[in-house]
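Residue numbers (the working numbering): 6 to 294. Think of the CB as a built atom: it goes at the ideal place given N, C-alpha and C, for glycine as much as any other residue. Written below as structure tokens is the structure these notes are about.
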Amino acid sequence: MATGAILNENGTAATDPAPNPMVNVRDYGAKGDSVTDDTKAIQAAAADLARIPGYFNGAATLYFPAGRYLISEPIILPPTAVDIQGNNENTSIANTYTGTTAGPGDVFRIASASGASGISFTISNLWVQPGKLGKGLTTTDPTETRINDFRALNVRFDSGLFGCYLKDVVNARFVSCTFMNSRVGCGIEGCIETTFANCNFSQTTHAGLEVKGMPGNPNEGLYIDNCIFINNALGLKVYDTVLLNLNGGLISANMLGVKIVQCRQVIVSNLWADSYGGAYENMIPHAPV
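This is the structure in structure tokens:
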């Protein structure tokens with residue numbers, strides 16, 4: 006059981022870090038000592054999640070006590086409800102892959118299963134570090150495994166190709182998360198009802214937040230509340246989105262602040278942006294911006 010200050014979605018301290026049935030990676034042999042390759046131990050723990058009946062949204066908790074866990078290949082999560090919890094900044098998991106192929110450097114990858122839909126996924130209080138050309142969290146085949154409730158709370162996504170990449174997810178919410186030192190901090194594609202609240206995007210080489218739709222499949226409902234975009238090549242990049250609400254926050258010291266293309270119903274309010282500016286193309290505003 007964790008002893009640190011675990012945060013709930015509203016930012017307050019939780020009294021119990023694991024209301025769900027818990028799978029503790031230490032019980033499967035993971036060391037978290039910054040030296041041992043914990044891949045096999047963590048993978049064994051993750052595989053057991055699907056065997057444990059949950060009590061909260063049908064989820065069991067994969068719990069990481071404080072420590073630095075090293076892995077050498079992605080951890081494959083079952084296509085069922087999953088709740089991953091760490092112990093705040095005291096817990097990190099890092100993929101050590103340094104090769105030149107995209108994929109092996111991923112940290113968490115949700116497995117595909119034909120017909121799997123409506124599953125929930127939560128990750129909280131963890132520092133996630135993908136390896137070279139990797140993603141901190143992604144799905145194997147979102148066309149087969151549909152996530153209908155995603156939560157990331159107090160997670161630091163640090164380095165890699167994408168800190169986090171979600172596709173075809175319904176109702177995703179990122180709260181108090183940090184995205185940094187990657188090519189793209191967070192990538193969103195073809196999602197419905199996505200919220201970022203009190204998040205920080207910094208030191209990315211392509212974009213802090215990149216949101217894009219596909220022909221005939223735009224993003225629908227993107228809400229960015231009180232987020233900070235600073236020292237990125239491009240702070241915020243949004244393509245093909247219906248209803249973008251950008252409220253509060255700071256966009257500063259980026260090579261390019263904002264790029265919004267082919268979006269409808271754009272609302273911008275209470276936002277501070279410096280002279281680095283942005284680009285707005287083919288935008289149909291819902292309110293003055």
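Counting only runs of at least 3 residues, the segment 208–257 fully encloses the following beta strand (DSSP E) elements, listed from N- to C-terminal order: 212–217, 224–230, 233–235, 239–244, 246–252, 255–257.
Taken atom to atom, the span from the alpha-carbon of Gly195 to that of Thr66 is near 28 angstroms. Separation of Leu239 and Gly190 (C-alpha to C-alpha, rounded to the nearest whole angstrom) is 11 angstroms. Runs of the beta strand (DSSP E) lying entirely within the segment 159–197, each at least 3 residues long, are 167–172, 175–180, 183–185, 189–194 in chain order. Secondary structure at Gln270: strand, using DSSP grouped into helix, strand and coil.
When beta bridges are read from the DSSP output, Tyr74 appears opposite Ile98.
Burial state of Asn100 is buried, judged by a 10 Å Cβ sphere holding 16 or more other Cβ atoms.
Judged by DSSP secondary structure, Ile128 falls within the beta strand (DSSP E) whose first and last residues are 124–134. Assigned with DSSP and collapsed to three states, Val112 falls in coil, not helix or strand. Distances from the CA of Met260 to each of Val266, Gly141, Asp279, Val243 were compared; the closest alpha carbon is that of Asp279. Burial state of Asp88 is buried, judged by a 10 Å Cβ sphere holding 16 or more other Cβ atoms. By the Cβ neighbour-count rule, Glu94 is exposed, with fewer than 16 other Cβ atoms within 10 Å of its own. DSSP places Asp43 outside both helix and strand once states are collapsed to three, so it counts as coil.
If the five residues before and after Ile57 are omitted, its C-beta is found closer than 7 angstroms to the C-beta atoms of Pro26, Val28, Ala65, all from its own chain and listed in chain order.
In this structure, the CA atom of Gln90 is about 11 angstroms from the CA atom of Val133. By the neighbour-count criterion, in which a residue is buried when 16 or more other Cβ atoms sit within 10 angstroms of its Cβ, Pro79 is buried. Counting only residues of its own chain and dropping the five nearest sequence neighbours on each side, Ile76 has a CB closer than 8 angstroms to the CB of Asp42, Asp43, Thr44, Ile47, Ile98, Ala99, Asn100, Thr101, Val112. For Val87, the enclosing beta strand (DSSP E) begins and ends at 87–90.
About 5 angstroms separates the Cβ atoms of Leu138 and Gly110, confirming a contact at the 8 angstroms cut-off. If you check the CB distance, Leu131 and Thr96 come in under 8 angstroms. Pairing Val266 with Lys217, the inter-Cα distance amounts to about 9 angstroms.
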